[in-house]
Each structure stands twice: as C-alpha cells, then as structure tokens.
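Novice: Numbering (this note's numbering), first residue to last: 10 to 235. We put the CB at the ideal spot given by N, CA and C, even for glycine. Just so you know, these numbers come straight off a predicted model, no measurement behind them. First the structure, then my questions, so here it is.
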Amino acid sequence: MSVIATLRVSADCFELGRILSVSSGCSIVLENLVPLGEQAVPFFTIFGTDEGNDFRTAVQDHPSVSDIQQVSSQNDRTLFALDWDISEDRLFRGIHEMQAHLLSATGGRDTWEFELRFASHERLSEFKEYCSDANIDLEVGHIYNPTRPESGPFYGLTQRQRDTLVRAVQGGYYSLPRELSTQDLAEEFGISDQAVTERLRRAIVALVDNSLVAAMEDGEFEVPQP
10 MSVIATLRVS
20 ADCFELGRIL
30 SVSSGCSIVL
40 ENLVPLGEQA
50 VPFFTIFGTD
60 EGNDFRTAVQ
70 DHPSVSDIQQ
80 VSSQNDRTLF
90 ALDWDISEDR
100 LFRGIHEMQA
110 HLLSATGGRD
120 TWEFELRFAS
130 HERLSEFKEY
140 CSDANIDLEV
150 GHIYNPTRPE
160 SGPFYGLTQR
170 QRDTLVRAVQ
180 GGYYSLPREL
190 STQDLAEEFG
200 ISDQAVTERL
210 RRAIVALVDN
220 SLVAAMEDGE
230 FEVPQP
C-alpha cells in the first residue's frame with residue numbers, strides 16, 4: 010500500500026537547493042516535476058521580491074547548470090526554465106532509485122519541503138537510510154496512506170492550502186453565483202490574486218491525487234467506462 014511523506018531538507022544538503030539560493034522572504038515552487046532526465050526540473054517559480062539579475066547570474070555560473078531563462082513575470086512571481094545536470098544531485102538520485110513520485114517541492118533560503126509518494130513503508134524506510142548514508146539532513150513530517158484519510162491528516166495539503174481552500178468553499182467561491190472572489194481571498198490572506206488561484210489549483214490537485222487517484226492506483230475502485 011502506497012504512502013505519502015512530507016519531508017524537510019536543508020537547502021545546502023542537495024545540489025538543486027544550493028543552485029537555487031534565494032534571499033529571505035522569497036520562496037520557490039518547482040513546476041512540471043520530473044525526477045530524472047536531461048532537464049530534470051525544467052521550470053520553477055519564484056514568489057516574493059524579484060531576485061533580479063544577480064540571482065540568474067549566480068545560477069548560470071553554477072557548474073551543473075547549462076542555461077537558465079526567464080519565461081514570464083507577473084506581480085510577485087517569476088517563472089524560469091532551468092537546464093541542468095541532475096546526475097550530481099544525490100537527493101533526486103535517491104528519489105529515482107526508490108521509484109518515488111515527487112508530488113510537490115517548495116524551497117526557501119534555508120529549507121525545502123517535499124511531498125513524496127512511496128510504493129510502501131519499506132521504500133520510505135530505504136529512502137531515509139539512503140539519505141542518512143548520503144549525509145542528507147532529512148526531517149520526516151507527516152506520513153500517511155493517501156487512500157485512508159484516518160491514517161494521516163489532510164490528504165497532503167499544506168496548512169496554507171487547507172486554509173485557503175476551506176475559506177473558498179465556506180465563503181462561496183465555488184457557489185453559483187460566486188459569493189467570494191479571488192481578490193477577496195487575496196486581501197484576507199495578504200497575497201496576490203494570482204497566488205490565490207495557484208494555491209487553490211495546487212490544493213485541488215493534491216486532494217484529488219492523494220485520494221481518488223491513489224485509490225484507483227491501489228485498485229480500490231475503477232473509473233467507469235463511458
């Protein structure tokens with residue numbers, strides 16, 4: 010039976026964390042996550058103060074990076090495309106070797122938080138042992154079975170995702186007619202309306218992936234054929 014684990018890793022303990030070093034107050038979200046390949050993590054978004062040319066120069070100068078390009082910028086977030094060599098990153102190598110599924114990854118100046126799905130508790134234990142042997146400072150948070158809500162909290166949603174999604178539902182964001190706007194939510198949580206939309210999207214994806222999709226993968230039910 011598969012399990013999902015929330016893991017915290019020091020930014021200086023793995024290659025990508027050292028490459029994507031941001032200042033205090035900024036956060037990074039990996040997009041289109043692919044554990045291995047020529048472009049292992051092709052896109053990432055920076056939220057917060059614009060890091061500017063100094064950030065891009067520092068990333069470009071890293072020996073593992075072939076190229077970094079700014080794709081778009083809007084309000085408090087900037088999307089980058091990253092072409093880098095994953096072979097030197099022991100953390101991502103371990104994710105690949107344990108055949109884990111990377112659900113989400115968010116980084117800051119000092120730490121990164123990952124959500125990983127493992128095929129079993131044994132695989133998670135093997136990954137923890139791998140990180141210990143590789144001198145990767147790993148802190149394990151919630152561990153739960155995604156198809157058994159009572160075995161762990163909130164289907165893998167972060168606190169911010171939970172708060173925003175619950176407020177949106179209770180406030181009538183999904184009602185017809187809509188009783189609450191993204192701007193209303195943005196003012197309540199002190200973020201941009203684009204960040205609200207992104208947070209809700211990620212919350213819904215995590216909720217479905219960690220419940221319905223996981224149940225299908227574990228054979229608990231089948232999708233009806235049209």
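(1) Locate the beta strand (DSSP E) running through Val-149, then write down its first and last residues.
(2) Kindly indicate which three-state DSSP category Asp-218 falls into: helix, strand or coil?
(3) Could you compute how far the alpha carbon of Asp-70 sits from the alpha carbon of Leu-221?
(4) Run through DSSP, which three-state label would Ile-28 get?
(5) Mapping DSSP to helix, strand and coil, what is Gln-179?
(6) Taking the straight line between their C-alpha atoms, what separation do you get for Leu-189 and Ala-195?
(7) If you drop the 5 nearest sequence neighbours on each side, which residues of the same chain put their C-beta closer than 6 Å to that of Arg-102?
(8) Where does Asp-113 land, buried or exposed, given buried means 16+ other C-beta within 10 angstroms?
(9) Do Val-18 and Tyr-153 come within 8 Å of each other at the CB atom, strictly closer than that value?
(10) Taking the CB atoms as reference points, tell me whether Arg-86 and Gln-203 lie closer together than 8 Å.
(11) Would you please state the rounded distance, in angstroms, between the beta carbons of Trp-93 and Ala-20? I believe it to be under 8 Å.
(12) Is the region 135 to 154 in contact with the region 174 to 188, if contact means three or more CB pairs nearer than 8 Å?
(13) In three-state terms, what does DSSP make of Val-43?
(14) List the endpoints of the continuous alpha helix (DSSP H) containing Gln-192.
(15) Distance check for Gln-192 and Pro-186, CA to CA, integer angstroms please.
(16) Mapping the DSSP letters down to three states, classify Ser-160 as helix, strand or coil.
(17) For Thr-173, count neighbouring C-beta atoms within 10 Å of its own C-beta (all shown protein chains included) and say buried if the count is 16 or more, exposed if not.
(18) Between the alpha carbons of Arg-99 and Glu-24, how many angstroms are there, rounded?
(19) Looking only at its own chain, which residues have a Cβ that is under 6 Å from the Cβ of Thr-15, when we skip the five neighbours before and after it?
(20) With a CB to CB cut of under 6 Å and the five nearest residues on each side skipped, what residues in its chain are close to Arg-132?
Specialist: To lay it out plainly:
(1) Counted from its first residue, the sequence shown places residue 149 at position 140. Counted as a single uninterrupted DSSP element, the beta strand (DSSP E) harbouring Val-149 occupies residues 147 to 153.
(2) For the purposes of this step, residue 218 is taken as residue 209 along the sequence shown, with counting starting at 1. Residue state, collapsed to three classes: helix.
(3) Taking the first residue of the sequence shown as 1, we reach residue 70 at position 61. Taking the first residue of the sequence shown as 1, we reach residue 221 at position 212. So the alpha carbons of these two residues sit roughly 43 Å apart.
(4) Your numbering for residue 28 matches position 19 in the sequence shown. Helix.
(5) Here the question's residue 179 lines up with position 170 in the sequence shown. If DSSP states are grouped into helix, strand and coil, Gln-179 belongs with the helices.
(6) What you label residue 189 is simply residue 180 of the sequence shown in a count that begins at 1. What you label residue 195 is simply residue 186 of the sequence shown in a count that begins at 1. One Cα belongs to Leu-189, the other to Ala-195, and the distance between them is close to 11 Å.
(7) Walking along the sequence shown from the start, residue 102 turns up at place 93. Contacts found: none.
(8) In the sequence shown, residue 113 corresponds to position 104, counting from 1. It should be noted that the sequence gives Ser, not Asp, for residue 113. Ser-113 should be labelled buried.
(9) For the purposes of this step, residue 153 is taken as residue 144 along the sequence shown, with counting starting at 1. For the purposes of this step, residue 18 is taken as residue 9 along the sequence shown, with counting starting at 1. No. Outside cutoff.
(10) Here residue 86 corresponds to residue number 77 of the sequence shown, with the count starting at 1. Here residue 203 corresponds to residue number 194 of the sequence shown, with the count starting at 1. In this structure, Gln-203 lies closer than 8 Å to Arg-86 by Cβ.
(11) Residue numbering aside, residue 93 sits at position 84 when the sequence shown is read from its first letter. Residue numbering aside, residue 20 sits at position 11 when the sequence shown is read from its first letter. Not really, about 16 Å apart at Cβ, beyond 8 Å.
(12) Result no; under three Cβ-Cβ pairs closer than 8 Å.
(13) Mapped onto the sequence shown, residue 43 falls at position 34. Confidence at Val-43 is low in this model, with a pLDDT of 48, below 50, so its placement is unreliable and the value that follows should be read with caution. Note: Val-43 maps to coil in three-state DSSP.
(14) The count along the sequence shown starts at 1 and reaches residue 192 at position 183. For Gln-192, the enclosing alpha helix (DSSP H) starts and ends at 191 to 198.
(15) Along the sequence shown, read from residue 1 onward, the residue named residue 186 stands at position 177. Along the sequence shown, read from residue 1 onward, the residue named residue 192 stands at position 183. In a straight line, the C-alpha of Pro-186 is about 16 Å away from that of Gln-192.
(16) For the purposes of this step, residue 160 is taken as the residue at position 151 of the sequence shown. Residue placement at Ser-160 is flagged as unreliable, the pLDDT there being 38, under the threshold of 50; the coordinate-derived value follows with that caveat. When DSSP states are grouped into helix, strand and coil, Ser-160 belongs to the helix group.
(17) Numbered from its first residue, the sequence shown carries residue 173 at position 164. A residue is called buried once 16 or more other Cβ atoms fall within 10 Å of its Cβ, and Thr-173 is buried on that count.
(18) Within the sequence shown, the letter at position 90 stands for residue 99. Within the sequence shown, the letter at position 15 stands for residue 24. Between Arg-99 and Glu-24, the C-alpha separation is close to 7 Å.
(19) Mapped onto the sequence shown, residue 15 falls at position 6. Excluding positions up to five away in sequence, the list reads Glu-124, Gly-150, His-151.
(20) Working through the sequence shown from its first residue, we reach residue 132 at position 123. Excluding five sequence positions before and after Arg-132, the CB atoms of its chain that fall closer than 6 Å to its own CB belong to Met-107, given in chain order.
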